Amino acid sequence: MSDYLVTLESAWIIKDVKSMDDAVSIAISEAGKRLNPSAKFVEIEAGMIACPFCEGELNTALVVAGTALVGLMLEMKVFRAESEEHAARIAKSVVGKALHDVPLKVQEVQEL
Numbered sequence: 477m478s479d480y481l482v483t484l485e486s487a488w489i490i491k492d493v494k495s496m497d498d499a500v501s502i503a504i505s506e507a508g509k510r511l512n513p514s515a516k517f518v519e520i521e522a523g524m525i526a527c528p529f530c531e532g533e534l535n536t537a538l539v540v541a542g543t544a545l546v547g548l549m550l551e552m553k554v555f556r557a558e559s560e561e562h563a564a565r566i567a568k569s570v571v572g573k574a575l576h577d578v579p580l581k582v583q584e585v586q587e588l
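In case it helps, the working numbering puts the sequence shown at residues 477 to 588.
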C-alpha cells in the first residue's frame with residue numbers, strides 16, 4: 477500500500493459578481509466553508525490553464541452577465557491506498573461528500 481497526492485478539478489458557478497478576481501475569491505471561500513470541518517485537509521487553489529498561443533498561464537474563470545464559472549484545483553493526500561485508481565476513488569468520495577452537487581474530475585494522481 478502506498479500514499480498518493482490526488483488533484484481534483486471542480487467547477488463552481490457564482491452569481492452576481494462584478495469581476496473575475498471577486499469570482500475566484502468567492503469560489504475559494506465557498507469551497508473552504510463546505511470542506512470545513514469534515515475535509516479541512518484538502519488544499520484549494522484557483523485553477524490555471526496554459527495559453528495555446530503564448531504558453532503563459534491563464535486563470536480558469538469566466539464572467540458573463542454577472543455570472544461566473546470558476547475552475548478550482550483541490551489537492552488531497554490519500555494514505556495507504558492499494559493503487560492510483562483506489563486513491564482517486566477515495567479522494568472523490570471524501571471531497572464529493574462535502575461538496576455534493578459540484579462536478580469533480582481527477583486531474584492527476586502522484587505516488588508520494
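For each residue, glycine too, the CB sits at the ideal point set by N, CA and C. These numbers come from a predicted model, not from an experiment.
Strand pairing of residue i, partner residues [DSSP]
i	result
V554	Y480
S486	L548, L580
E519	E551
A499	Its beta-bridge partners do not exist; DSSP assigns none.
L538	L545
E587	Y480
N-terminal and C-terminal residue of the beta strand (DSSP E) that residue i is part of
i	result
E533	533-535
A526	524-526
Nearest-angstrom beta carbon gap, residue j and residue i [assumed within contact, 8 Å]
i	j	result
L484	Q583	6 Å
M552	V570	7 Å
I490	A507	Contact doesn't hold; Cβ gap of about 11 Å is too wide.
Own chain partners of residue i with C-beta closer than 7 Å, once the 5 adjacent residues on each side are dropped
i	result
C527	L534
A557	M477, S478, Y480, A563, I566
F555	D479
Same chain, Cβ closer than 6 Å to residue i, five either side skipped, listed in chain order
i	result
V500	A522, A537, V546
S514	A574
L511	V518, A574
M496	A537, V539
Residue range of the unbroken alpha helix (DSSP H) whose run includes residue i
i	result
V571	560-574
Cβ-based burial, residue i [other Cβ within 10 Å; buried from 16]
i	result
V493	buried
Own chain partners of residue i with C-beta closer than 8 Å, once the 5 adjacent residues on each side are dropped
i	result
K509	none
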